[in-house]
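**Student:** Just so you know, the sequences run in chain order A and B.
To get the working numbering, take the position in the first sequence, counting from 1, and add 247.
To get the working numbering, take the position in the second sequence, counting from 1, and add 247.
Just so it is clear, CB atoms sit at the ideal spot from N, CA and C, and this is done for glycine as well.
A single structure is presented below for examination.
2 protein chains.
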Amino acid sequence: MMKAQKKQKLPQREVKRKAILTAAKELFLHDGFGAASMDAITQKAGVSKPTVYNHFGNKESLFGAIIKDQCHDLLASLKESEAPSNDLELTLRKTAEHFQGLIMSEPILALYRVVMAEAPRFPELAHVFYENGPGQTTENFANYLSEQSKHGKLDIPDPTRAAEQFFSLLSGHVHMRALLGIKSPGDSSKLEDHIANTIETFLRAYRPRR
Amino acid sequence: MMKAQKKQKLPQREVKRKAILTAAKELFLHDGFGAASMDAITQKAGVSKPTVYNHFGNKESLFGAIIKDQCHDLLASLKESEAPSNDLELTLRKTAEHFQGLIMSEPILALYRVVMAEAPRFPELAHVFYENGPGQTTENFANYLSEQSKHGKLDIPDPTRAAEQFFSLLSGHVHMRALLGIKSPGDSSKLEDHIANTIETFLRAYRPRR
DNA sequence: GTCTATAAAAGGATAGAC
DNA sequence: GTCTATCCTTTTATAGAC
């Protein structure tokens, strides 16, 4: 199954491809689809225009490749946090911290902005984003909640809804302000506070009564 | 204080201005800042380019005027729902329905997309949007919650946080899917369900325990 | 104040040499 | 496969007539 390579020389084609992807990723995420020009991308990548078009055909395809890449990276990072312990509150806190750190990071904020902005023109990308991000996250967490509910640690009639609620509470206006680039004084210093409060509220709503 | 108008003729300048604003609003909200061209705007407005530039100077200014207009309309619509009755659950439901109907409408969804996408390049617009929309809404609702809490109908230590949580639960993944243009089967038919469930969860978390 | 016509620049994409 | 050089379209913005 191994393709014989004529020499050990590093395949230059792949090097250029990587360079293009890296440059395009940075510019598309930072400037959006319309404002990022192919010219700027070729320049940043250190290649010429025909090379870019040889690899990706046109601007839309390149954009699609970048966004899908980012979405898959996103999922990969989300899967790392699979450590459901027996300690309910600990698991909630770990999950919340991981999720929060992710969605408040600049690369993911930029991905949110771009995908939402271009959703009307790139509906497929919007789907990929949702499935790999919020969709998958919710599903995994719903399974956990369902299990905990069976064990009597929680009282949850609809785990999927509860999972969505947990993540909605967690992102909330803090996430919205971050998407809008609004720096509320103390927002960042009070993230721990926000997480603790989210968990407390969630448990008040779903902890079995007595 | 009344300016004497030389004749009863309608002021043509204002007519054209309105036409430009209407056309620009539609195109900017539908296509975003970059993809909407001044050419398309002039054409749709039925005026010529120099007229547009005479009125608004450049594309950025026109965009700013449009977005700010929309944000103020948004606030106006939000203020209409000020009917806090003594029936807590009724008020929650009315508030939720009004808010939900607003944020799920296409014009407001488009406004969200555009403002978020352009937030890095138009930070001032992002602020105007937040203050007139989520900020004001939260503040008003927090006041109501605070009152209800004093009367013993709710047990809310931090009204602003609780208000944010209420609206976060309410928008949640339903709103995100709408922003992404994802039509979940039954999403629209189950909005009433979603609202009812949000209120139930909120009350489980914040209703006084005996 | 508003138009026709056009300038000036930048964008996406390609032909042809190597 | 990759480059240099270039084409064609579209874009923002303006000069000058009415």
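Could you confirm whether any beta carbon from chain B is found closer than 8 Å to the beta carbon of residue 347(A)?
**Tutor:** Mapped onto the first sequence, residue 347(A) falls at position 100. It does not: the Cβ of residue 347(A) has no partner Cβ on chain B nearer than 8 Å.
**Student:** Using C-beta distances below 8 Å, list every residue in its chain close to residue 315(B), excluding the 5 sequence neighbours before and after it, in chain order.
**Tutor:** Indexing the second sequence from 1 puts residue 315(B) at position 68. Hits under 8 Å: 372, 375.
**Student:** Taking C-beta pairs closer than 7 Å, name the residues in chain A that residue 311(B) reaches, listed in chain order.
**Tutor:** Translated into positions along the second sequence, residue 311(B) becomes position 64. The contacting residues do not exist; residue 311(B) stays about 15 Å from chain A at best.
**Student:** Use the C-beta contact count for residue 443(A): other C-beta atoms within 10 angstroms, 16 or more gives buried, fewer gives exposed.
**Tutor:** Residue 443(A) sits at position 196 when you count from the first residue of the first sequence. Residue 443(A) should be labelled exposed.
**Student:** Less than 8 Å between CB atoms is the rule here; does residue 426(A) satisfy it with respect to chain B?
**Tutor:** Your numbering for residue 426(A) matches position 179 in the first sequence. At least one chain B Cβ lies under 8 Å of residue 426(A).
**Student:** Shortest alpha-carbon distance to residue 449(A) belongs to which of 321(A), 279(A), 409(A), 433(A)?
**Tutor:** Within the first sequence, residue 449(A) is the residue found at index 202, counting from 1. Comparing Cα positions, the closest option is 409(A).
**Student:** Go ahead and pull the three-state DSSP assignment for residue 315(B).
**Tutor:** By 1-based counting over the second sequence, the position of residue 315(B) is 68. If DSSP states are grouped into helix, strand and coil, residue 315(B) belongs with the helices.
**Student:** Using only the alpha-carbon positions, how far apart do residue 451(A) and residue 328(B) sit?
**Tutor:** For this step, residue 451(A) is matched to residue 204 along the first sequence. For this step, residue 328(B) is matched to residue 81 along the second sequence. If you take the alpha carbons of residue 451(A) and residue 328(B), they lie about 29 Å apart.
**Student:** For residue 400(A), which residues of its own chain have a beta-carbon under 7 Å away from its beta-carbon, when the five flanking residues on both sides are left out?
**Tutor:** The residue given as residue 400(A) occupies position 153 in the first sequence. 335, listed in sequence order.
**Student:** Could you give the residue range of the alpha helix (DSSP H) that holds residue 267(B)?
**Tutor:** The count along the second sequence starts at 1 and reaches residue 267(B) at position 20. First-last of the alpha helix (DSSP H) with residue 267(B): 259-282.
**Student:** If we define contact as Cβ-Cβ less than 8 Å, is residue 415(B) a contact residue for chain A?
**Tutor:** In the second sequence, residue 415(B) corresponds to position 168, counting from 1. Yes, because at least one Cβ of chain A sits closer than 8 Å to the Cβ of residue 415(B).
**Student:** Which residue from 370(A), 381(A), 340(A) puts its Cα closest to that of residue 323(A)?
**Tutor:** The residue you call residue 323(A) lines up with position 76 of the first sequence. Answer by Cα proximity: 381(A).
**Student:** Could you have a look at residue 369(A) and say whether DSSP puts it in helix, strand or coil?
**Tutor:** Taking the first sequence and counting its residues from 1, the one referred to as residue 369(A) is at position 122. Note: residue 369(A) maps to coil in three-state DSSP.
**Student:** Let's test the definition: count the other Cβ atoms within 10 Å of the Cβ of residue 262(A) and tell me whether it reaches 16, buried, or not, exposed.
**Tutor:** Taking the first residue of the first sequence as 1, we reach residue 262(A) at position 15. It is exposed - the Cβ of residue 262(A) has fewer than 16 other Cβ atoms within 10 Å.
**Student:** Which residues mark the beginning and the end of the alpha helix (DSSP H) in which residue 440(B) is found?
**Tutor:** In the second sequence, residue 440(B) corresponds to position 193, counting from 1. Looking at the DSSP string, the run of the alpha helix (DSSP H) that includes residue 440(B) is 438-453.
**Student:** At a Cβ threshold of 8 Å, is residue 343(A) touching chain B?
**Tutor:** Position 96 of the first sequence, counted from the start, is the residue given in the question as residue 343(A). False, the Cβ-Cβ gap to chain B never drops below 8 Å.
**Student:** By Cβ distance below 8 Å, which residues in the same chain neighbour residue 349(B) in space, the five residues on each side in sequence not counted?
**Tutor:** Position 102 of the second sequence, counted from the start, is the residue given in the question as residue 349(B). Closer than 8 Å at Cβ, skipping near neighbours: 321, 324, 325, 355.
**Student:** Please confirm if residue 279(B) has its CB atom under 8 Å from at least one CB of chain A.
**Tutor:** Residue mapping note: residue 279(B) aligns to position 32 of the second sequence, counting from 1. So yes, residue 279(B) belongs to the interface.
**Student:** In whole angstroms, what is the alpha-carbon distance linking residue 405(B) and residue 389(B)?
**Tutor:** Here residue 405(B) refers to the residue found at position 158 of the second sequence. Here residue 389(B) refers to the residue found at position 142 of the second sequence. Roughly 9 Å separates the two Cα atoms.
**Student:** Could you tell me which of 421(A), 398(A), 426(A) sits nearest to residue 440(A), measuring between CA atoms?
**Tutor:** By 1-based counting over the first sequence, the position of residue 440(A) is 193. Of the candidates 421(A), 398(A), 426(A), the one whose C-alpha sits nearest the C-alpha of residue 440(A) is 421(A).
**Student:** Name, please, each residue of chain B whose Cβ falls closer than 8 Å to the Cβ of residue 377(A).
**Tutor:** For this step, residue 377(A) is matched to residue 130 along the first sequence. Ordered by position in chain B, the residues that pass the 8 Å Cβ test against residue 377(A) are 423, 424, 427, 429.
**Student:** Would residue 268(A) and residue 317(A) be called neighbours here (beta carbons separated by less than 8 Å)?
**Tutor:** Walking along the first sequence from the start, residue 268(A) turns up at place 21. Walking along the first sequence from the start, residue 317(A) turns up at place 70. No, they are not a contact pair.
**Student:** Throw me the rounded Cβ distance for the residue 275(A) and residue 361(A) pair, which I believe falls under 8 Å.
**Tutor:** Taking the first residue of the first sequence as position 1, residue 275(A) is located at position 28. Taking the first residue of the first sequence as position 1, residue 361(A) is located at position 114. Between residue 361(A) and residue 275(A) the Cβ distance is about 7 Å, and since that is below 8 Å, they are a contact.
**Student:** Quick one: is residue 447(A) buried, meaning 16 or more other Cβ sit within 10 Å of its Cβ, or exposed?
**Tutor:** What you label residue 447(A) is simply residue 200 of the first sequence in a count that begins at 1. Label assigned to residue 447(A): exposed.
**Student:** Would you identify the three-state DSSP class for residue 421(B), choosing helix, strand or coil?
**Tutor:** Here the question's residue 421(B) lines up with position 174 in the second sequence. Three-state DSSP puts residue 421(B) in a helix.
**Student:** Is DSSP giving residue 301(B) helix, strand or coil here?
**Tutor:** Translated into the one-based positions of the second sequence, residue 301(B) becomes position 54. In this structure, residue 301(B) counts as helix in the three-state DSSP scheme.
**Student:** Are the C-beta atoms of residue 373(A) and some chain B residue less than 8 Å apart?
**Tutor:** What you label residue 373(A) is simply residue 126 of the first sequence in a count that begins at 1. Yes, residue 373(A) counts as interfacial toward chain B.
**Student:** Between residue 309(A) and residue 266(A), what straight-line distance do the alpha-carbon atoms span, to the nearest angstrom?
**Tutor:** In the first sequence, residue 309(A) corresponds to position 62, counting from 1. In the first sequence, residue 266(A) corresponds to position 19, counting from 1. If I take the Cα positions, the gap works out to 13 Å.
**Student:** Applying a beta-carbon distance threshold of less than 7 Å, which residues of chain A neighbour residue 384(B)?
**Tutor:** Residue numbering aside, residue 384(B) sits at position 137 when the second sequence is read from its first letter. Chain A residues near residue 384(B): none, gap ~10 Å exceeds 7 Å.
**Student:** Once the 5 residues before and after residue 287(B) are set aside, which same chain residues still bring their CB inside 7 Å of it?
**Tutor:** Numbered from 1 along the second sequence, position 40 holds the residue referred to as residue 287(B). These residues qualify, in order along the chain: 274.
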